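Visitor: Under mature numbering (1 follows the signal peptide of the UniProt record, and there is no 0), the residues of the sequence shown are numbered -21 to -1, 1 to 84, in order. Note that the Cβ used here is the ideal one computed from N, Cα and C, for glycine as well. Treat the numbers as computed from the prediction; the structure is a model and nothing was measured. This is the structure I want to talk about, given as C-alpha coordinates.
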Amino acid sequence: MKKLLLLSACLLALAARPAAAQTPSPEIVVVRIYEFPTKVHLVITRGEGKSEVMEFDSGASDKRLTASGEGYYKFINKLYQEGYALQSTFPGNQGFTTLLLVKRP
(Lines of atoms letter the chains of each structure in order from A and count residues from 1; the text may use other names and numbers.)
(Lines give C-alpha, C1' and ligand atoms only; values in the text may rest on other atoms or scores of the structure.)
Protein backbone atom coordinates (compact mmCIF):
# COMPACT_ATOMS: atom_id res chain seq x y z
CA MET A 1 0.00 0.00 0.00
CA LYS A 2 2.90 2.35 0.80
CA LYS A 3 4.35 1.76 -2.67
CA LEU A 4 1.03 2.57 -4.29
CA LEU A 5 0.75 5.84 -2.33
CA LEU A 6 4.34 6.77 -3.17
CA LEU A 7 3.79 6.01 -6.86
CA SER A 8 0.57 8.05 -6.84
CA ALA A 9 2.35 11.00 -5.19
CA CYS A 10 5.13 10.88 -7.79
CA LEU A 11 2.67 10.76 -10.67
CA LEU A 12 0.70 13.65 -9.18
CA ALA A 13 3.89 15.70 -8.83
CA LEU A 14 4.84 15.02 -12.45
CA ALA A 15 1.35 15.92 -13.67
CA ALA A 16 1.39 19.22 -11.75
CA ARG A 17 4.73 20.28 -13.27
CA PRO A 18 4.35 22.39 -16.44
CA ALA A 19 5.75 20.77 -19.56
CA ALA A 20 8.76 22.37 -21.21
CA ALA A 21 6.88 22.62 -24.49
CA GLN A 22 4.28 24.83 -22.82
CA THR A 23 6.73 27.48 -21.65
CA PRO A 24 6.66 30.55 -23.87
CA SER A 25 9.76 31.33 -25.89
CA PRO A 26 11.66 34.41 -24.71
CA GLU A 27 11.35 37.73 -26.50
CA ILE A 28 14.40 38.22 -28.67
CA VAL A 29 15.90 40.95 -30.83
CA VAL A 30 18.27 40.19 -33.69
CA VAL A 31 20.58 43.00 -34.79
CA ARG A 32 22.58 42.93 -38.02
CA ILE A 33 25.46 45.40 -38.12
CA TYR A 34 27.42 46.44 -41.18
CA GLU A 35 30.33 48.83 -40.77
CA PHE A 36 31.15 50.81 -43.87
CA PRO A 37 34.37 52.88 -43.84
CA THR A 38 32.39 56.04 -42.98
CA LYS A 39 29.01 54.73 -41.68
CA VAL A 40 27.54 52.08 -39.38
CA HIS A 41 24.29 50.53 -40.61
CA LEU A 42 22.09 48.59 -38.14
CA VAL A 43 18.93 46.59 -38.79
CA ILE A 44 17.08 45.80 -35.55
CA THR A 45 14.53 43.00 -35.95
CA ARG A 46 11.92 42.12 -33.33
CA GLY A 47 10.07 39.66 -35.59
CA GLU A 48 8.76 39.35 -39.13
CA GLY A 49 7.80 42.76 -40.44
CA LYS A 50 9.02 44.44 -37.24
CA SER A 51 12.39 45.86 -38.24
CA GLU A 52 13.90 49.30 -37.85
CA VAL A 53 17.03 50.76 -39.40
CA MET A 54 19.62 52.96 -37.68
CA GLU A 55 22.61 54.59 -39.30
CA PHE A 56 25.33 56.79 -37.87
CA ASP A 57 28.76 58.09 -38.83
CA SER A 58 31.94 56.11 -38.30
CA GLY A 59 35.57 56.51 -39.24
CA ALA A 60 39.06 57.07 -37.88
CA SER A 61 38.89 60.76 -36.91
CA ASP A 62 38.06 61.80 -33.36
CA LYS A 63 34.79 63.36 -34.54
CA ARG A 64 33.67 60.19 -36.35
CA LEU A 65 34.83 57.87 -33.55
CA THR A 66 32.81 59.97 -31.10
CA ALA A 67 29.77 59.82 -33.40
CA SER A 68 29.99 56.03 -33.74
CA GLY A 69 30.51 55.57 -29.99
CA GLU A 70 27.46 57.72 -29.26
CA GLY A 71 25.42 55.89 -31.92
CA TYR A 72 26.25 52.50 -30.43
CA TYR A 73 25.55 53.84 -26.95
CA LYS A 74 22.12 55.13 -27.98
CA PHE A 75 21.21 51.82 -29.65
CA ILE A 76 22.44 49.56 -26.81
CA ASN A 77 21.03 51.79 -24.06
CA LYS A 78 17.59 51.76 -25.71
CA LEU A 79 17.48 47.95 -25.77
CA TYR A 80 18.82 47.63 -22.21
CA GLN A 81 16.14 50.09 -21.01
CA GLU A 82 13.55 47.80 -22.64
CA GLY A 83 14.93 44.88 -20.60
CA TYR A 84 17.11 43.15 -23.21
CA ALA A 85 20.54 41.69 -22.50
CA LEU A 86 23.16 40.53 -24.99
CA GLN A 87 22.98 36.74 -25.34
CA SER A 88 25.56 36.14 -28.09
CA THR A 89 27.28 37.51 -31.15
CA PHE A 90 27.89 35.94 -34.55
CA PRO A 91 30.72 37.30 -36.68
CA GLY A 92 29.91 37.30 -40.36
CA ASN A 93 31.63 37.79 -43.67
CA GLN A 94 32.68 41.14 -45.12
CA GLY A 95 32.13 43.35 -42.05
CA PHE A 96 28.77 41.94 -40.91
CA THR A 97 28.11 41.12 -37.26
CA THR A 98 24.91 39.72 -35.78
CA LEU A 99 23.85 40.27 -32.17
CA LEU A 100 21.21 38.24 -30.33
CA LEU A 101 19.56 39.99 -27.38
CA VAL A 102 17.06 38.29 -25.05
CA LYS A 103 14.55 40.00 -22.78
CA ARG A 104 15.42 39.40 -19.14
CA PRO A 105 12.70 37.81 -17.01
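Mind checking which residues open and close the beta strand (DSSP E) that includes alanine 64?
Guide: Residue mapping note: residue 64 aligns to position 85 of the sequence shown, counting from 1. Per DSSP, alanine 64 belongs to the beta strand (DSSP E) from 63 to 70.
Visitor: Measure the CB-CB distance between leucine 80 and phenylalanine 54 and report whether it falls below 8 Å.
Guide: As a position in the sequence shown, residue 80 is number 101, starting the count at 1. As a position in the sequence shown, residue 54 is number 75, starting the count at 1. No.
Visitor: Are the beta-carbon atoms of phenylalanine 69 and tyrosine 13 separated by less than 8 Å?
Guide: Along the sequence shown, read from residue 1 onward, the residue named residue 69 stands at position 90. Along the sequence shown, read from residue 1 onward, the residue named residue 13 stands at position 34. Contact flag unset, no.
Visitor: Using a Cβ-Cβ cut-off of 6 Å (strictly less than) and excluding sequence neighbours within five positions of residue 89, which residues of its own chain qualify?
Guide: Outside the displayed range of the chain (-21 to 84) lies residue 89, so it cannot be described from this structure.
Visitor: Runs of 3 residues minimum, wholly inside the segment 13 to 56: which ones carry the beta strand (DSSP E) assignment?
Guide: Fully enclosed beta strand (DSSP E) runs of 3 or longer: 18 to 24, 30 to 36.
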